[in-house]
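Here's the structure, in structure tokens; my notes come after.
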Amino acid sequence: MRNAIISGTGFYAPPRVVTNDHLKSQYGIDTTHEWIVQRTGIEERHFADAGVACSDLALKAAEQAISNAGIAKGDLDLIIFCTLSPDYHFPGTGVVLQQKLGLCDMGKFIPALDIRNQCSGFLYGLSTATSFVRSGTYNNVLLVGAEVHSAALDLSTRGRTVASLFGDGAGAVVVSASEAGGRGVRRVHLGADGRFADILCQKIWDISQRPFIPQDAAGIGQVQPEMMWARMDGKQVFRHAVERMIGSLMEVAGQEQLTLDDIDLFVFHQANLRINQYVQQHLGAPESKFVSNIQRYGNTTAATIPSLLHEATMSGKLKRGMTVATVAFGSGFTWGAAIIDW
Ligand code: UT7
16 MRNAIISGTG FYAPPRVVTN DHLKSQYGID TTHEWIVQRT GIEERHFADA
66 GVACSDLALK AAEQAISNAG IAKGDLDLII FCTLSPDYHF PGTGVVLQQK
116 LGLCDMGKFI PALDIRNQCS GFLYGLSTAT SFVRSGTYNN VLLVGAEVHS
166 AALDLSTRGR TVASLFGDGA GAVVVSASEA GGRGVRRVHL GADGRFADIL
216 CQKIWDISQR PFIPQDAAGI GQVQPEMMWA RMDGKQVFRH AVERMIGSLM
266 EVAGQEQLTL DDIDLFVFHQ ANLRINQYVQ QHLGAPESKF VSNIQRYGNT
316 TAATIPSLLH EATMSGKLKR GMTVATVAFG SGFTWGAAII DW
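So the sequence shown is numbered by my numbering: it starts at 16 and just counts up by one.
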């Protein structure tokens, strides 16, 4: 039986740390460390400097993952890039990463696929990578989740609810074929509910209008703040996140005939530490089986799950032979859960 295993992990965050107090002192946001920590658990996040793109963060995480997988760049067969903060509207950032990895110079014109499923992006990507590997189409898939949120946050008091949540970073894994039993992605369960597309979104333009971005008399595009910045009904997102995360976790565990006691490590997407604590308490699983780094990085969207897999592997908390349950929920709404035998 051909399995799809996670053969290597990587993570990179840009060096500049922005604490909750910095949001106040450097950006002039009317907020407090206490408010943010109490509501979200976030203490600080990393922001990339101007000139650094999503693909730049992705490159560093990808190189680590490739090296940790014990393969060469030239062994890759496919790139899957998950992000909501791509370098360009089009083309996708996967091709930019391909070029930055030096694959084009090597004549490795492998396919590059972009996934636009926000906080669930990594699990949508994992499902896609697993299918390609299990079917025998590809042997080594580079799966990256990367975000430069800081460029597109309304870092003012007007935008404080959203701005205090997000940070920049990139996580990557290599999904590889293995004939060895007892290891690999067992199952990924995915879902979406487009009725809530407007609840958490960043529109920027309206493609139904002509032109799609209003112009001034000089032909310069004019984007109003309500279109430019992300909008979110935080309370609705919170409520649905809790329901869907519990539901999809129970669904995927049930399909694999696992009880929660069979899970050695829970790796949840991190939008808000309070959401994850609520889910953990509802499940009644011990805190020692959970990992989190949102305190240090904020919500890095598509990067949170691979960042945790990397940190847990490096620290020894995640070891070969363990069974991992991973869950995500985000804009769309979209969600997913996976069981992985590490
Ligand atoms: O992947 C992203 C998915 N997003 C999420 O998962 C977010 C889920 N939702 C949440 O985490 C919470 O709804 C938030 C943490 C975003 C907000 O917490 P909340 O308890 O729902 O607060 P709220 O939006 O109802 O705002 C309460 C008050 C408001 O002031 P008034 O109108 O009562 O005077 C806000 O303006 O808190 C104010 N507020 C802030 N105050 C200080 C909002 N953001 C801040 C802030 N600092 N950063």
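C-beta atoms are modelled at their ideal positions from N, C-alpha and C, and glycine is treated no differently. All values reported here derive from a predicted model rather than from experimental measurement.
Residue burial classification, residue i (beta-carbon count within 10 angstroms, cutoff 16)
i           : result
residue 103 : exposed
residue 241 : exposed
residue 87  : exposed
residue 65  : exposed
residue 274 : exposed
residue 68  : buried
residue 53  : exposed
Residue i versus residue j: straight-line alpha-carbon distance, rounded
i           : j           : result
residue 170 : residue 44  : 7 Å
residue 27  : residue 46  : 28 Å
residue 24  : residue 324 : 7 Å
residue 320 : residue 283 : 7 Å
residue 120 : residue 238 : 38 Å
residue 288 : residue 55  : 5 Å
residue 272 : residue 22  : 25 Å
residue 291 : residue 303 : 13 Å
residue 212 : residue 127 : 26 Å
residue 310 : residue 38  : 15 Å
residue 189 : residue 314 : 22 Å
residue 144 : residue 268 : 20 Å
residue 18  : residue 196 : 7 Å
Residue i - DSSP class collapsed to helix/strand/coil
i           : result
residue 34  : strand
residue 203 : strand
residue 61  : strand
residue 350 : strand
residue 69  : helix
residue 271 : coil
residue 329 : helix
residue 293 : helix
residue 238 : coil
residue 259 : helix
residue 286 : coil
residue 303 : helix
Checklist entry - Within the chosen definition, does the segment 229 to 246 reach the segment 279 to 297 through at least 3 CB pairs nearer than 8 Å? => result At 8 Å Cβ cutoff, the stretches do not touch.
Next on the checklist: Does the contact criterion of 3 or more C-beta pairs under 8 Å hold for the segment 211 to 225 versus the segment 142 to 159?
Outcome noted: Counting Cβ pairs under 8 Å, fewer than three are found: no touch.
Checklist entry - Any contact of the segment 197 to 213 with the segment 111 to 119, i.e. 3+ C-beta pairs under 8 Å? => result Judged by Cβ distances under 8 Å, the segment 197 to 213 makes no contact with the segment 111 to 119, as fewer than three pairs qualify.
Next on the checklist: Does the contact criterion of 3 or more C-beta pairs under 8 Å hold for the segment 334 to 341 versus the segment 176 to 183?
Outcome noted: With the cut-off at 8 Å, the segment 334 to 341 and the segment 176 to 183 do not touch.
Next on the checklist: For the structure I just gave you, are there three or more beta carbon pairs, one from the segment 58 to 65 and one from the segment 88 to 99, closer than 8 Å?
Outcome noted: Taking a contact to require three or more Cβ pairs closer than 8 Å, the segment 58 to 65 and the segment 88 to 99 do not qualify as touching.
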